[in-house]
Each structure stands twice: as C-alpha cells, then as structure tokens.
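**Q** If you scroll down you'll find the structure; I have some questions about it.
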Amino acid sequence: MTNHPAAPPLLDDVIEVVVGTLTFDLGRYLIAAGLMSAIVALVMRTRWRSRRIQPRTAPRRDVIREILLSLRTVAVYAAVGMITMMGFRLGLLHEPAGASALATAGYVALAVIGHDAYFYWVHRAMHHPRLFRRFHRSHHRSVTPTPWAAYAFDVPEAVLMALFMPLWLLLVPTPAPAIFAFLAIMIVRNVMGHAGVELHPRGWVAHPLLRWISTTTHHDLHHSGGFNRNFGFYFTFWDKLMGTEHPDYARVFDAVTAVKADSLPSDRPRIAWLAGEPRQRI
Ligand SMILES: [Zn+2]
Ligand SMILES: [Zn+2]
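Using the working numbering, count along the sequence shown one by one with no gaps and you end on 319.
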C-alpha cells in the first residue's frame, strides 16, 4: 500500500478498496462469461453442437438484459466486498497465518461445501411464492440462459449472494489464497451452469462419484421448466436428499450427451419437458 503525499492515508485506503473490489468483481464476471461464451461459440462449430441442451436460442434482448442485470450485481458485490475489506482492516475479520498448501486446499473445499448448502437453501427460499417476484424473478426471465446470466439477479438476490462471503469469513477465518481460489471456482461453475451446452463427459450422472457433482443440464432444467427442481449449485446431494432433483435429469443428460450423427437438438426425440410439460408461470 502506498500513501500519496497529497491525500490523507484514510482516503487513499478507501480509493484503493473501491477500485480493487470493483475491478475484481467486474473482471471476474467479464472474463469468465466472455471466455465461456467464446467456448460455446467454438463448440457450436463442431459436432458437439448436438450437445446444445435446448433447441431454442436465447434472443439478443435476453443477453442484453442478462449483462445489464449482472453489471448491477457487480456493483452490489463490490459494495459488500468493500465492507468485507473494511472488516479485515478494522480487525473484525482475520486471516489465519501460515496455512500450508494442503490446508489451503482444505479451506477451499470447506468453502465450496458451505456455499453449496447456503445456495441450496437460500435459492429454495427465494422460490417461495412470497419471495419469488421480489428476489428471484429476474434470474428466471432467462428460460434459455447464456453464460452472461451468471449474475443476472434482482438486487435482494444479489445482496443475499454477496453476503455469503463475509458471513463465512466470520465463521471460518480463511487464508486469502483460499478465498481467491474459492471465488474463481464459484464463477467458473456459475458460467458453466448457464452455458446452454453440456460439456461434462457422457456417463457423468451414472458414475458413482461424479454423479454427485452438478452439470450444466442440471441447472438448465431449473431454468427451462423445472423451476421447483434442481436448486443445487456445485453438487447434487441436497437435491437428492431433499427429493427436489428433476425426475428427468438423468434421461435428459443422457439424451444430450448421446453419441449421434451430426444432429441438432431439434432432430432428437422430444423430451417431456421440452414437449410442452406445463411450466410454472413467472
Ligand atoms: Zn431459481
Ligand atoms: Zn441460473
């Protein structure tokens, strides 16, 4: 940290925190969503375009809305990030010193498991009819999500999502490298969940270990009709445990990842949820 001789040290600190958090949160979103969109565009030029989950293409207006909502969420994340940074500077939060690489990996795993539980229950609560419109409706305006939908939240949802980090750090003091690794995993899984193309290998949902890790199809089903199913984020175990996994999840995943001739999704046999199963009004 350098103090400009003409500015009071506190002002320097505030400017540093504001610029740092905004740059970090904006950069994290733009890089992850931009890279995932580029990967999807490349995949669409290959035989793997048959792995597109929905036959429908997201209209341009959806993508613009997703980006604008996400930029607003970046501002919320940065504001909560600033408060978190101040928490460290005021000594309310602290970082354990001298964590080994193994311990750091343990902190990352713990944060991912903690965030998965937080996300499942907060997400499920936001689907309650009393909360849905105010908290979560904007995210579900993307029936065919794109990676740009990663942060497409209403402001109350953005606040709830942002609050996880300071709450977690109050409970579990975490080394900075573990925090950054966790935040990187979070955004990568987020843009993957909204990619619209299944990139996980065939057989994933039948594998005894991998089946516990979520896929793009898992979250895509949550957007495309199974609104009260598949609330989980990184893992499937909360949905399996609580009986909220989409009944067609494995079947849709297998259909999407099946080896087939160079076909588009519109060529494959209709799947119940695509063939007009009643959708929850939003
Ligand atoms: Zn939802
Ligand atoms: Zn989503």
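For every residue, glycine included, the Cβ atom is placed at its ideal position computed from N, Cα and C.
Report yes if the C-beta distance between F268 and T281 is below 8 Å; otherwise report no.
**A** Yes, Cβ-Cβ distance for F268 and T281 is below 8 Å.
**Q** Mapping the DSSP letters down to three states, classify F272 as helix, strand or coil.
**A** Here F272 sits in strand by DSSP.
**Q** Across the segment 67 to 74 and the segment 166 to 185, are there enough close Cβ pairs to call them in contact, namely three or more that are closer than 8 Å?
**A** The segment 67 to 74 vs the segment 166 to 185: in contact.
**Q** Give, in chain order, every unbroken run of the alpha helix (DSSP H) that is at least 4 residues long and sits entirely within the segment 43 to 82.
**A** Those alpha helix (DSSP H) runs which fall completely within the segment 43 to 82 and span 4+ residues are 46 to 80.
**Q** Express the C-alpha separation of D285 and F172 in angstroms, rounding to a whole number.
**A** If you take the alpha carbons of F172 and D285, they lie about 27 Å apart.
**Q** Which residue comes first and which comes last in the alpha helix (DSSP H) that contains E103?
**A** From DSSP, the alpha helix (DSSP H) with E103 extends over R97 to R126.
**Q** Whole angstroms is fine: what's the gap from L48's alpha carbon to V56's?
**A** Going from the Cα of L48 to the Cα of V56 covers about 12 Å.
**Q** E235 lies in the alpha helix (DSSP H); which residues open and close that run?
**A** E235 -> no alpha helix (DSSP H), and no H or E assigned at all.
**Q** Could you pull the start and end residues of the alpha helix (DSSP H) that P193 belongs to?
**A** Run containing P193: V192 to L208, per the alpha helix (DSSP H) assignment.
**Q** Using a threshold of 7 Å, is the CB atom of H260 nearer than that to any non-hydrogen atom of ligand 2?
**A** Checking every heavy atom of ligand 2 against the Cβ of H260, one is found closer than 7 Å.
**Q** Would P315 be called buried (16 or more neighbouring beta carbons within 10 Å of its own) or exposed?
**A** Bear in mind that a pLDDT of 40 at P315, under 50, signals an unreliable position, so the number given afterwards is only what the model happens to contain. Classification for P315: exposed.
**Q** By the 10 Å Cβ neighbour count, where 16 or more other Cβ atoms means buried, how is H131 classified, buried or exposed?
**A** The residue is exposed, with fewer than 16 neighbouring Cβ atoms inside 10 Å.
**Q** Can you list, in chain order, the residues of its chain with a C-beta nearer than 6 Å to that of G124? Leave out the 5 residues immediately preceding and following it.
**A** Same-chain partners within the cutoff: L130.
**Q** Please name the residue, chosen from S261, M122 and F274, that lies closest to P245 on a Cα-to-Cα basis.
**A** The candidate whose alpha carbon is nearest that of P245 is F274.
**Q** Let me know if M279 comes out buried or exposed under the rule of 16 or more other beta-carbons within 10 Å of its beta-carbon.
**A** Exposed, since its Cβ has fewer than 16 Cβ neighbours within 10 Å.
**Q** Do F270 and Y144 have their beta-carbon atoms positioned less than 8 Å apart in this structure?
**A** No, these two residues do not count as a Cβ contact at 8 Å.
**Q** According to the Cβ coordinates, are A195 and Y114 closer than 8 Å?
**A** It is a contact, given that the beta carbons lie within the stated cut-off.
**Q** Regarding H231 and ligand 1, is the C-beta to nearest heavy atom distance less than 7 Å?
**A** Checking the Cβ of H231 against ligand 1 gives no.
**Q** Does DSSP put R84 in a helix, a strand or coil?
**A** Helix at R84.
**Q** Using the rule of at least 16 other Cβ atoms within 10 Å of the residue's Cβ for burial, across every protein chain shown, is G313 buried or exposed?
**A** Reliability of the predicted coordinates at G313 is poor, the pLDDT of 42 falling under 50, and the value obtained from them is presented with this limitation in mind. Classification of G313: exposed, given that the 10 Å Cβ count is below 16.
**Q** Between the Cα of W249 and the Cα atoms of S261, M198, A287 and R174, which residue gives the shortest distance?
**A** Closest option to W249, Cα to Cα, is A287.
**Q** Closer than 7 Å to a non-hydrogen atom of ligand 1 - does that hold for the CB of H173?
**A** Flag set: Cβ of H173 near ligand 1.
**Q** Give the straight-line distance between the Cα atoms of E53 and V296, rounded to the nearest whole angstrom.
**A** Between E53 and V296, the C-alpha separation is close to 52 Å.
**Q** How big is the Cα-Cα spacing for R82 and R89?
**A** Between R82 and R89, the C-alpha separation is close to 12 Å.
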